[in-house]
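For reference, the structure discussed in these notes is given below.
2 protein chains.
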Amino acid sequence: MYAAVLTNVAQSIVLTPAEEEAFTTCLVPKHVARLDAILPAGRPARYLAFVVQGCVRTYTTDAKGKEHVLALAPEGWWCGNFTSLVPGARELLALQALEDTTVLLLRLDHLEQLCVQMPKFERFFRLLFQNGYLLAQRRLEARATYTAAVRYARFCRQYPQLHQRVALKHIASFLGITPEFLSMLRTKQL
Amino acid sequence: MYAAVLTNVAQSIVLTPAEEEAFTTCLVPKHVARLDAILPAGRPARYLAFVVQGCVRTYTTDAKGKEHVLALAPEGWWCGNFTSLVPGARELLALQALEDTTVLLLRLDHLEQLCVQMPKFERFFRLLFQNGYLLAQRRLEARATYTAAVRYARFCRQYPQLHQRVALKHIASFLGITPEFLSMLRTKQL
DNA sequence: CGTCTATTTGAATGTACTCAAAAGCGGTGG
DNA sequence: CCACCGCTTTTGAGTACATTCAAATAGACG
Numbered sequence: 235m236y237a238a239v240l241t242n243v244a245q246s247i248v249l250t251p252a253e254e255e256a257f258t259t260c261l262v263p264k265h266v267a268r269l270d271a272i273l274p275a276g277r278p279a280r281y282l283a284f285v286v287q288g289c290v291r292t293y294t295t296d297a298k299g300k301e302h303v304l305a306l307a308p309e310g311w312w313c314g315n316f317t318s319l320v321p322g323a324r325e326l327l328a329l330q331a332l333e334d335t336t337v338l339l340l341r342l343d344h345l346e347q348l349c350v351q352m353p354k355f356e357r358f359f360r361l362l363f364q365n366g367y368l369l370a371q372r373r374l375e376a377r378a379t380y381t382a383a384v385r386y387a388r389f390c391r392q393y394p395q396l397h398q399r400v401a402l403k404h405i406a407s408f409l410g411i412t413p414e415f416l417s418m419l420r421t422k423q424l
Numbered sequence: 235m236y237a238a239v240l241t242n243v244a245q246s247i248v249l250t251p252a253e254e255e256a257f258t259t260c261l262v263p264k265h266v267a268r269l270d271a272i273l274p275a276g277r278p279a280r281y282l283a284f285v286v287q288g289c290v291r292t293y294t295t296d297a298k299g300k301e302h303v304l305a306l307a308p309e310g311w312w313c314g315n316f317t318s319l320v321p322g323a324r325e326l327l328a329l330q331a332l333e334d335t336t337v338l339l340l341r342l343d344h345l346e347q348l349c350v351q352m353p354k355f356e357r358f359f360r361l362l363f364q365n366g367y368l369l370a371q372r373r374l375e376a377r378a379t380y381t382a383a384v385r386y387a388r389f390c391r392q393y394p395q396l397h398q399r400v401a402l403k404h405i406a407s408f409l410g411i412t413p414e415f416l417s418m419l420r421t422k423q424l
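Line by line, the protein sequences are chains A and B.
Going by my numbering, the first sequence runs without a break in its numbering and finishes at 424.
Going by my numbering, the second sequence runs without a break in its numbering and finishes at 424.
So this is what it looks like as structure tokens:
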């Protein structure tokens with residue numbers, strides 16, 4: 235159950251067995267059926283989630299009721315409203331399982347505790363957020379540089395597993411285009 | 235010279251006078267004339283910069299030679315290639331002064347040292363990157379939700395100082411549109 | 001088998017871009 | 001002081017990329 239998340243953490247910091255123990259006791263496993271919400275929507279997120287098995291989408295709903303996919307997280311990825319750790323940020327993000335999914339939930343106050351008790355975790359989450367920042371910045375840049383057709387091609391190359399598993403409409407939303415247009419691209423490009 | 239940056243840091247962590255001293259000795263002041271580069275371009279960034287006075291733009295140059303503005307940083311903001319701290323990331327970002335500008339440079343290896351010696355700094359930079367991530371995510375969302383006209387209006391409201399000080403073409407690039415189109419928006423909206 | 005949702009297809013439209021050229025603006029040197 | 005130069009902004013015509021709306025088709029699930 236915890237092997238994957240410990241491997242993930244080990245890419246950034248080295249933990250003693252005791253520290254691993256302290257970490258995993260903060261993690262709450264949860265199984266969520268396909269298309270169900272990981273967390274109750276409509277309130278500021280109080281958890282981060284590590285995807286052990288399955289796939290999760292993070293999205294917002296705008297004033298017109300349209301959903302915008304901000305992230306797609308298969309096994310081995312973290313997701314959740316990182317921003318609710320920023321004072322003043324009140325984004326309401328929803329997390330939905332796109333397949334039958336197992337996640338490990340980490341309460342944000344437990345995260346803070348881990349960071350205070352073991353500064354290593356401060357480092358781990360710094361690197362996690364840096365990486366998230368990098369990915370978001372690259373997507374902004376890609377959006378300014380390439381047409382939707384190119385962005386889709388790059389997406390397929392970069393996440394070969396995902397574009398098979400995830401519904402077209404979610405990929406379209408993630409790329410910032412309409413499902414109709416992506417459908418058209420898909421057929422004309424083959 | 236250091237008052238502004240200490241105020242900035244104090245928003246996230248509390249430093250003793252000794253720690254303030256250790257921090258500021260890592261910072262190298264640099265004055266850069268309008269339109270000059272803050273750092274030599276074309277190589278992976280080895281510094282973060284805190285803007286004491288003036289204004290800095292962070293940008294990339296794509297395969298076709300087009301520049302894309304990723305960030306605009308007036309007084310009190312950090313800028314630089316945060317991503318060069320992420321293993322494997324080899325983004326080449328350039329920093330340019332848009333006005334006569336004073337920055338405080340922090341070498342990335344000094345940053346690492348500060349974090350190791352004083353875990354407080356690990357926390358400070360975690361919060362800094364979290365905030366950067368939040369802003370990048372909001373821009374992605376805005377790009378998907380609003381037309382260029384609305385994004386420009388929001389930009390003007392959010393950064394009233396900037397849209398007076400910064401050349402139209404840089405604002406256009408930051409918003410992800412052409413200068414011609416922004417010029418048109420500007421006149422038709424008044 | 002019927003219902004619900006996702007995907008595909010197509011026509012009309014809109015948003016934003018490209019290219020070209022003119023106008024404005026600031027600095028520099030004659 | 002004025003004329004010229006280089007760069008930014010404006011303007012406009014034509015076009016491309018992507019959206020909207022509507023309807024048909026395909027798939028998934030009970």
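Every residue gets a Cβ at the ideal spot worked out from N, C-alpha and C, and that includes glycine.
Source: prediction; values computed, not measured.
Neighbour flag for residue i against chain A, beta carbons, 8 angstroms
i: B/T294; result: yes
i: B/G314; result: no
Residues of its chain near residue i, where Cβ-Cβ distance is below 7 angstroms and the 5 sequence neighbours each way are ignored
i: B/F363; result: F316
i: A/H240; result: First, the amino acid is wrong: residue 240 of chain A is Leu here, not His. Taken in chain order, the residues that qualify are E254.
i: A/C390; result: H397
i: A/D296; result: H302
i: A/V248; result: none
Segment limits, beta strand (DSSP E) that includes residue i
i: A/R391; result: Per DSSP, A/R391 belongs to no beta strand (DSSP E); it is in the alpha helix (DSSP H), 382-392.
i: A/Q287; result: 281-287
i: A/K298; result: A/K298 -> no beta strand (DSSP E), and no H or E assigned at all.
i: A/A271; result: No beta strand (DSSP E) holds A/A271; DSSP gives it neither H nor E.
i: B/V337; result: 335-341
i: A/L329; result: 328-331
i: A/W451; result: Because residue 451 of chain A is not part of the residues shown, which for chain A are 235 to 424, the question remains open.
Alpha helix (DSSP H) segment containing residue i, residue limits
i: A/R372; result: 353-379
i: B/L396; result: 396-399
i: A/T258; result: 251-258
i: A/Q423; result: 413-423
i: A/F408; result: 402-409
i: B/V248; result: No alpha helix (DSSP H) contains B/V248, which DSSP labels as neither H nor E.
Short CB-CB distance (under 8 angstroms) between residue i and chain B
i: A/G410; result: yes
Whole-angstrom distance between residue j and residue i, CA atom to CA atom
i: B/S246; j: B/F358; result: 6 angstroms
i: B/A283; j: B/G310; result: 10 angstroms
i: A/R277; j: A/L329; result: 12 angstroms
i: A/A238; j: A/A244; result: 10 angstroms
i: B/L273; j: A/L273; result: 45 angstroms
i: A/L338; j: B/R372; result: 26 angstroms
i: B/L261; j: B/T335; result: 16 angstroms
i: B/C349; j: A/P353; result: 9 angstroms
i: B/L368; j: A/Y293; result: 14 angstroms
i: B/E346; j: B/E414; result: 43 angstroms
i: B/L269; j: B/A307; result: 14 angstroms
i: B/A305; j: A/G314; result: 25 angstroms
i: A/Q229; j: A/V266; result: Within the shown structure, residues of chain A are numbered from 235 to 424, placing residue 229 of chain A beyond reach of any answer.
i: A/V285; j: A/R388; result: 23 angstroms
i: A/A279; j: A/L326; result: 7 angstroms
i: B/L361; j: A/R360; result: 8 angstroms
i: A/H344; j: A/A256; result: 11 angstroms
i: A/T412; j: B/E356; result: 41 angstroms
i: B/S407; j: A/M235; result: 46 angstroms
i: A/L402; j: A/T381; result: 18 angstroms
i: A/P263; j: B/S417; result: 53 angstroms
i: B/G366; j: B/K422; result: 33 angstroms
Contact set for residue i: own chain, Cβ-Cβ below 6 angstroms, skip 5 residues either direction
i: A/R385; result: A376, L409
Distance cut-off 7 angstroms: residue i Cβ against heavy atoms of the ligand GDP
i: B/K403; result: Inclusion of the ligand GDP in the displayed structure is not the case, the ligand content being empty and no account of it being possible.
Close beta carbons around residue i, own chain, < 8 angstroms, minus the five adjacent residues each side
i: B/E333; result: R268, G288, C289, R399
Item checked: Under 8 angstroms (Cβ pairs) to chain B, residues found in the segment 346-370 of chain A -> C349, P353, E356, R357, F359, R360, L361, F363, Q364, N365, G366, Y367, L368, A370
Margin query: Residues of the segment 266-281 of chain A in Cβ contact with chain B at a cutoff of 8 angstroms, in chain order, please.
Written below: none
Notebook entry, point to check: At a Cβ cut of 7 angstroms, what residues of the segment 373-407 of chain B count as close to chain A, listed as they run along the chain?
Noted result: R373, L374, E375, R377, A378, T379
Next item on the list: Please list the residues of the segment 301-312 of chain A that have a C-beta atom closer than 7 angstroms to any C-beta atom in chain B, keeping them in chain order.
Entry: H302, L304
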